[in-house]
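In my numbering, the protein residues as written are 33 to 328.
Yeah, the Cβ is synthetic: ideal placement off N, Cα and C, and Gly gets one too.
Remember, predicted model here, so these are calculated numbers, not experimental data.
Next comes the structure, spelled out in structure tokens:
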């Protein structure tokens, strides 16, 4: 064997080093691009529309001193969305912009639930009929299955994405049942929360065009679901709603099942009747009370 046995030719370390440097540079450039394109006009508009919607909700509750027209179930879902998504506040340093919005959403969601507790007598339970269990159980299963890892924080983040996709569904069902109420504050809140997701979808499309490697499937799926329900809400004003009848039928079937269980266990149940053909309400019924007595 010669003296150079086991030695690596002088060109290879330099080649390996150049490849490593190129890889690091590529990752750095991707990070710079992600930071650059994440902060775009669509995101800013979406963020401020979301903030406007939250402010409209708080102002409406304060002005009316009533929870009329607002779904408590939607507020519970948004509270769950915010507290599970923004856990990174505890272990990540972030810009003041992000901290402000995240803390604001968490605090305001708590304030809204406290207002519902304080103004419980004004809360219209008869119209807020969407079952939270029907939303939360599938969302939890989807989060466990589709999360990129099974670390608790990652699973909770995925849960928040899917949960937000359905968060406005109880509010839409409330609006479908309550066609007679025309409160500008409620309408502003519902429209702002829907349009904000549309702008966030535009933000995702823009980022995908600028960065072909960009992918966030959980957010895209949750956003698509939410936009579909918002589009249905808009179409309901023209009488061309595609999902409204399906949503209400599912809601009715769920409540029929609940009534049967209540009838067997408690001896009473809630039944549905209509006022002026527009607003559907629910009323308690005893087991021995005839159906005819409920018709108005």
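Asked, Found
"C-beta atoms of residue 200 and residue 217 nearer than 8 Å", "no"
"Touching by the beta-carbon criterion (3+ pairs, under 8 Å), the stretch 113-127 and the stretch 256-268", "no"
"Same chain, Cβ closer than 7 Å to residue 156, five either side skipped, listed in chain order", "100"
"Element boundaries [alpha helix (DSSP H), containing residue 235]", "216-242"
"Residue 97 beta carbon less than 8 Å from that of residue 130", "no"
"8 Å CB neighbourhood of residue 266 in its chain, flanking five on each side removed", "226"
"Rounded straight-line distance, which links the Cα of residue 292 to that of residue 134", "42 Å"
"Span of the alpha helix (DSSP H) around residue 109", "104-117"
"Meets three-Cβ-pair contact criterion under 8 Å: the stretch 81-92 and the stretch 156-176", "no"
"Residue 55 classed as buried or exposed, judged by whether at least 16 other C-beta atoms fall within 10 angstroms", "Model confidence at residue 55 stands at a pLDDT of 48, short of 50, so the residue's coordinates are unreliable and nothing is read from them."
"Range covered by the alpha helix (DSSP H) that runs through residue 200", "Element bounds for residue 200: n/a, residue is neither H nor E."
"Presumed contact (8 Å Cβ cut-off) between residue 268 and residue 228, rounded CB distance", "Residue 268 to residue 228, Cβ: 19 Å. No contact."
"Cβ contact (3+ pairs, closer than 8 Å) linking the stretch 186-203 and the stretch 88-97", "no"
"Secondary structure of residue 212, DSSP reduced to three states", "coil"
"Cα-Cα separation, residue 262 to residue 295", "35 Å"
"Beta-carbon separation (whole angstroms), residue 105 vs residue 160, contact threshold 8 Å", "6 Å"
"Pair within 8 Å by beta-carbon distance, residue 107 and residue 194", "no"
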